[in-house]
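J.:
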Amino acid sequence: MEAALGLMRRMPPKHTETALSALLSLLPHHSSDLLSQVDQPLQVIYDMDCGKEFILCEYNRDADSYRSPWSNKYHPPLEDGSLPSLELRKLEIEANDVFAVYRDQYYEGGISSVYMWEDDNEGFVTCFLIKKDGSKTGQGRRGYLEEGAWDAIHVIEVGPEEEGTANYRLTSTVMLSLTTHNESSGTFSLSGSIRRQMSMNLSVADGHLCNMGRMIEEMEGKLRNSLDQVYFGKTKEMVCTLRPPSEVVQMRLPDN
Amino acid sequence: MADEEEETLSEKQKIEIAKWFLLNSPPGEIQFVAKDVKSILNDDDVYNEAVAEAFPLYNKTYMIFLEMPFRAGDVLVTSFGELDENSYLDPRTAQVAIVDHVKQVCTRVRPAEDEELPSPYVEEFRFALDAEVLKYVSEAYPKGVCSVYCRNGKDVEGPGSDFELVVVISAARHSPQNFCNGSWRSVWNIEFKDDQQTVEVTGEMQVGAHYFEEGNVQLDAKHECKDSTFFQSPEDSGISVSSIIRHHETEYLASLQASYSNLPDTTFKDLRRKLPVTRTLFPWHNTLQFSLTKDISKELGIEK
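The listed protein sequences correspond, in order, to chains L and C.
Those letters in the first sequence? Residues 1 to 256, by the UniProt record's numbering.
Those letters in the second sequence? Residues 1 to 304, by the UniProt record's numbering.
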């Protein structure tokens with residue numbers, strides 16, 4: 001299992017699905033561990049009843065069906081598929097509506113889905129998902145990207161309320177890939193995935209949705225920033241170590 | 001169902017899967033990947049078969065360089081210098097390096113046979129170009145290795161026939177302690193066309209980088225270009241071809257840097273903006289009203 005996760009850290013992020021299915025076929029006994037520990041690109045299906053797409057993940061799956069956050073029905077139909085309680089479903093509906101607006105403001109398109117379910121210790125778990133195709137044939141407004149995908153998975157475990165506060169434990173994963181192509185600079189492709197955690201005790205006076213939303217907004221900002229500044233920056237640094245820009249070479253020559 | 005799958009996975013399929021992982025190793029990481037693959041397979045026969053097939057391919061794809069004994073310099077493992085699977089010509093020293101692909105070492109060298117080397121006429125051009133490229137590479141790459149091979153027409157004895165040289169430049173940096181590895185490879189094909197008295201240059205540059213501290217981010221960039229010059233004396237051809245290479249590689253590096261500087265404000269923005277279209281943080285405290293009225297997009301002025 002450790003070796004499998006080691007491999008996942010090295011395989012090109014754009015081949016995550018292939019790598020995961022290869023591991024599943026080699027290690028069938030670890031399939032549930034692998035599926036829970038390796039994040040894979042999000043899939044989408046269409047909810048015919050509501051005319052809207054929704055995102056598939058382990059958290060809205062029951063047997064081979066997936067529950068739509070819009071109609072609360074399983075696709076393909078499933079009798080007695082598990083559903084959140086009425087009260088939680090109310091919050092889930094609200095979260096989906098609000099999160100769709102949040103998603104539109106930051107992503108200028110894309111698809112989002114929010115799923116909630118009760119957990120064993122009097123709290124609940126929420127999963128916020130966003131998928132965006134930023135390529136010029138998708139929803140890339142500026143049209144720079146030949147290929148561009150962003151998948152975000154935010155899972156928040158909300159603890160039971162105690163003296164007006166609750167503990168929120170967030171685990172976020174972002175997977176992205178982007179490719180630009182033109183005559184003068186050829187093909188330039190970056191892909192990656194990172195995962196981070198954050199835990200907070202917050203007053204429930206503002207409401208769970210408000211607390212969770214703020215945490216996700218902060219986390220997404222951090223992840224985007226560290227991908228941009230740190231992770232992409234490190235690969236740029238590497239390029240410049242391999243072949244330093246000519247100004248640097250010229251500056252260094254007199255010393256040699 | 002899981003057990004069934006395991007039984008139906010033949011030895012051959014396992015080898016193919018193992019090879020897929022090995023061949024997709026980022027630059028400089030195949031040994032780490034091999035270790036993980038070995039422990040997952042838990043079958044030495046399958047593992048040995050997979051590494052025997054994958055390592056030579058990987059080594060040639062990344063054009064790794066190996067130190068030759070007796071301080072004879074580095075030999076490049078490339079398809080251009082390949083005499084048989086384990087023997088690679090080093091044209092500069094006129095030696096043949098015998099390599100162990102899986103250990104990624106050069107075990108011994110032998111002098112090249114006459115028929116493995118180009119004719120004196122072609123060698124004059126190869127030698128002159130090698131000297132110029134070597135000068136350029138030592139200036140431009142802190143840790144770069146280059147070699148010039150004769151690709152076609154190595155038996156051409158004098159003017160009147162075409163021949164083809166190929167320049168290979170390979171630079172690598174491995175710092176696993178900093179969770180960072182990278183490689184730069186360029187291959188320049190140089191066609192000496194006798195009847196037109198021109199030299200056609202086509203190049204392919206490929207850069208890869210992997211950063212994996214608490215994450216996994218990879219760069220994969222590739223560019224091709226074309227140029228030409230006049231057919232001149234070996235020395236003058238060497239100088240003009242190497243300056244063509246220098247020019248295009250410098251330009252390519254600049255365009256890579258431009259691609260990076262375009263990221264934050266243009267390219268990345270098509271995936272996710274830094275701030276919402278409203279340029280202020282999302283009003284989570286107001287969402288109750290939003291969702292009750294369902295008029296949210298109107299209220300924020302982003303109605304479609």
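The beta-carbon is built from N, C-alpha and C at its ideal position, and this holds for glycine as well.
Just so you know, these numbers come straight off a predicted model, no measurement behind them.
1) Can you round the beta-carbon distance between residue 188 of chain C and residue 217 of chain C to whole angstroms, since I take them to be within the 8 Å contact cut?
2) Residues in its own chain within less than 7 Å of residue 5 of chain C by CB, not counting five upstream and five downstream?
3) According to DSSP, simplified to helix, strand and coil, what is residue 154 of chain C?
4) Could you tell me which uninterrupted alpha helix (DSSP H) segments, each at least 4 residues in length, are contained entirely in the stretch 8-81 of chain L, listed from first to last along the chain?
5) In the DSSP assignment, what are the bridge partners of residue 218 of chain C?
6) What separation, rounded to the nearest whole angstrom, lies between the Cα atoms of residue 195 of chain C and residue 24 of chain L?
7) Could you tell me the distance, in whole angstroms, from the CA atom of residue 201 of chain L to the CA atom of residue 158 of chain L?
8) By DSSP, does residue 226 of chain C sit in helix, in strand, or in coil?
9) Starting from the beta carbon of residue 140 of chain L, find every residue of chain C whose beta carbon is closer than 7 Å, and list them in chain order.
10) Can you name, in chain order, every residue of its own chain whose Cβ lies under 7 Å from the Cβ of residue 135 of chain L, other than the five neighbours on each side?
11) Take the Cβ of residue 144 of chain C as the centre, count every other Cβ of all protein chains shown within 10 Å, and call the residue buried at 16 or more, exposed below.
12) If you measure beta-carbon to beta-carbon, which residues of the stretch 183-208 of chain L are closer than 9 Å to chain C?
13) Comparing the C-beta of residue 44 of chain L with each C-beta of chain C, is any distance below 8 Å?
14) Between residue 258 of chain L and chain C, is the shortest Cβ-Cβ distance under 8 Å, so that the two count as touching?
15) Along chain L, in chain order, which residues have C-beta atoms closer than 7 Å to that of residue 284 of chain C?
16) Can you tell me the Cα-Cα spacing of residue 257 of chain C and residue 79 of chain L, whole angstroms?
17) Taking 8 Å as the CB-CB cut-off, is residue 26 of chain C touching chain L?
18) I'd like to know whether the C-beta atoms of residue 117 of chain L and residue 124 of chain L end up nearer to each other than 8 Å.
19) Using the Cα positions of residue 90 of chain L and residue 41 of chain L, report the straight-line distance between them to the nearest angstrom.
20) So the candidates are C/273, C/136, C/91 and C/79; which of them puts its Cα closest to the Cα of residue 150 of chain L?
21) Using the rule of at least 16 other Cβ atoms within 10 Å of the residue's Cβ for burial, across every protein chain shown, is residue 164 of chain L buried or exposed?
22) When the Cα atoms are used, what is the spatial distance from residue 40 of chain C to residue 21 of chain C?
23) Between which two residues does the alpha helix (DSSP H) carrying residue 232 of chain L extend?
24) Taking residue 156 of chain L as the reference, give the member of L/142, L/143, L/28 and L/171 with the closest Cα.
25) Could you please give the first and the last residue of the uninterrupted alpha helix (DSSP H) stretch that includes residue 112 of chain L?
26) Just to confirm my understanding: we take residue 60 of chain L, look at its own chain, exclude 5 residues before and 5 after, and list those with CB closer than 7 Å. What are they?
27) Using the Cα positions of residue 117 of chain C and residue 154 of chain C, report the straight-line distance between them to the nearest angstrom.
28) Taking Cβ-Cβ distances shorter than 9 Å, what residues in chain L pair up with residue 307 of chain C?
29) Leaving out five residues on either side along the sequence, give the residues of the same chain with a beta carbon under 8 Å from the beta carbon of residue 181 of chain L.
30) Apart from the five residues just before and just after residue 25 of chain C, which ones in its own chain have a Cβ nearer than 7 Å to its Cβ?
31) Let me check one thing: in DSSP terms, what residues is residue 262 of chain L bridge-paired to?
32) Of all the CB atoms in chain L, is at least one closer than 8 Å to the CB of residue 221 of chain C?
33) Regarding residue 44 of chain L and the ligand MN, is the C-beta to nearest heavy atom distance less than 7 Å?
34) Which value, in whole angstroms, describes the spacing of the CA atoms of residue 152 of chain C and residue 160 of chain C?
35) Please report the residue range of the beta strand (DSSP E) in which residue 164 of chain C lies.
36) Rounded to whole angstroms, what is the Cα-Cα separation between residue 10 of chain L and residue 104 of chain C?
T.: To lay it out plainly:
1) The residue given as residue 188 of chain C occupies position 188 in the second sequence. The residue given as residue 217 of chain C occupies position 217 in the second sequence. The Cβ separation is near 29 Å, so there is no contact.
2) Residue numbering aside, residue 5 of chain C sits at position 5 when the second sequence is read from its first letter. Residue placement at residue 5 of chain C cannot be trusted, given a pLDDT of 46 that sits under 50; the coordinates are not used to answer.
3) Numbered from 1 along the second sequence, position 154 holds the residue referred to as residue 154 of chain C. It is coil, neither helix nor strand.
4) 16-26 and 31-37
5) Start at 1 with the first residue of the second sequence, and residue 218 of chain C comes out as number 218. Per DSSP, L/191 and C/210.
6) The sequence position of residue 195 of chain C within the second sequence is 195, counting from 1. The sequence position of residue 24 of chain L within the first sequence is 24, counting from 1. For residue 195 of chain C and residue 24 of chain L, the distance between alpha carbons rounds to 59 Å.
7) Here residue 201 of chain L refers to the residue found at position 201 of the first sequence. Here residue 158 of chain L refers to the residue found at position 158 of the first sequence. The straight-line gap from Cα to Cα measures roughly 10 Å.
8) Indexing the second sequence from 1 puts residue 226 of chain C at position 226. The answer is strand: DSSP assigns residue 226 of chain C an E or B state.
9) As a working note, residue 140 of chain L is residue 140 in the first sequence. Under the 7 Å cutoff, chain C gives 270.
10) As a working note, residue 135 of chain L is residue 135 in the first sequence. So the list reads 145, 146, 147 and 148, once near-sequence residues are dropped.
11) Counting from one through the second sequence, the residue named residue 144 of chain C turns up at place 144. By the neighbour-count rule (16 or more Cβ atoms within 10 Å), residue 144 of chain C is buried.
12) 184, 185, 186, 187, 188, 189, 190, 191, 192, 193, 194, 195, 196, 206 and 207
13) As a first step, residue 44 of chain L is located in the first sequence; it is residue number 44 there, counting from the start. Residue 44 of chain L does not count as touching chain C.
14) The requested residue 258 of chain L does not occur in the structure, where chain L is confined to residues 1 to 256.
15) As a position in the second sequence, residue 284 of chain C is number 284, starting the count at 1. Under the 7 Å cutoff, chain L gives 210, 213 and 214.
16) As a position in the second sequence, residue 257 of chain C is number 257, starting the count at 1. As a position in the first sequence, residue 79 of chain L is number 79, starting the count at 1. So the two alpha carbons sit approximately 56 Å from each other.
17) One-based indexing of the second sequence puts residue 26 of chain C at position 26. Chain L contact via Cβ: present.
18) Numbered from 1 along the first sequence, position 117 holds the residue referred to as residue 117 of chain L. Numbered from 1 along the first sequence, position 124 holds the residue referred to as residue 124 of chain L. Yes, Cβ-Cβ distance for residue 117 of chain L and residue 124 of chain L is below 8 Å.
19) For the purposes of this step, residue 90 of chain L is taken as the residue at position 90 of the first sequence. For the purposes of this step, residue 41 of chain L is taken as the residue at position 41 of the first sequence. Roughly 28 Å separates the two Cα atoms.
20) The count along the first sequence starts at 1 and reaches residue 150 of chain L at position 150. Measuring from the Cα of residue 150 of chain L, the nearest candidate turns out to be C/273.
21) Here residue 164 of chain L refers to the residue found at position 164 of the first sequence. Exposed, because fewer than 16 other Cβ atoms sit within 10 Å of the Cβ of residue 164 of chain L.
22) Counting from one through the second sequence, the residue named residue 40 of chain C turns up at place 40. Counting from one through the second sequence, the residue named residue 21 of chain C turns up at place 21. So the alpha carbons of these two residues sit roughly 11 Å apart.
23) Position 232 of the first sequence, counting from 1, holds the residue named residue 232 of chain L. Per DSSP, residue 232 of chain L belongs to the alpha helix (DSSP H) from 232-242.
24) On the first sequence, position 156 is the one that residue 156 of chain L refers to. If we check each option's Cα against that of residue 156 of chain L, L/171 comes out closest.
25) By one-based count along the first sequence, residue 112 of chain L stands at place 112. Careful: residue 112 of chain L lies outside any alpha helix (DSSP H), inside the beta strand (DSSP E) at 111-118.
26) By one-based count along the first sequence, residue 60 of chain L stands at place 60. Around residue 60 of chain L: 66, 67 and 115.
27) As a working note, residue 117 of chain C is residue 117 in the second sequence. As a working note, residue 154 of chain C is residue 154 in the second sequence. When rounded, the distance between both Cα atoms is 7 Å.
28) Residue 307 of chain C cannot be examined here, being either before or after the span of chain C that is shown, 1 to 304.
29) Along the first sequence, one-based indexing puts residue 181 of chain L at 181. 146, 187 and 188.
30) For the purposes of this step, residue 25 of chain C is taken as residue 25 along the second sequence, with counting starting at 1. Excluding residues within five positions, the ones whose Cβ falls inside 7 Å are 33 and 58.
31) Summary: the structure shown does not reach residue 262 of chain L, with chain L confined to residues 1 through 256, and so no result is reported for it.
32) Sequence index remark: in the second sequence, residue 221 of chain C carries index 221 (1-based). Residue 221 of chain C counts as touching chain L.
33) You won't find the ligand MN in this model; it holds no ligand whatsoever.
34) Position 152 of the second sequence, counting from 1, holds the residue named residue 152 of chain C. Position 160 of the second sequence, counting from 1, holds the residue named residue 160 of chain C. The straight-line gap from Cα to Cα measures roughly 14 Å.
35) Locating residue 164 of chain C in the second sequence gives position 164, counting from the first residue. Looking at the DSSP string, the run of the beta strand (DSSP E) that includes residue 164 of chain C is 163-175.
36) Counted from its first residue, the first sequence places residue 10 of chain L at position 10. Counted from its first residue, the second sequence places residue 104 of chain C at position 104. Approximately 19 Å between the Cα atoms of the pair.
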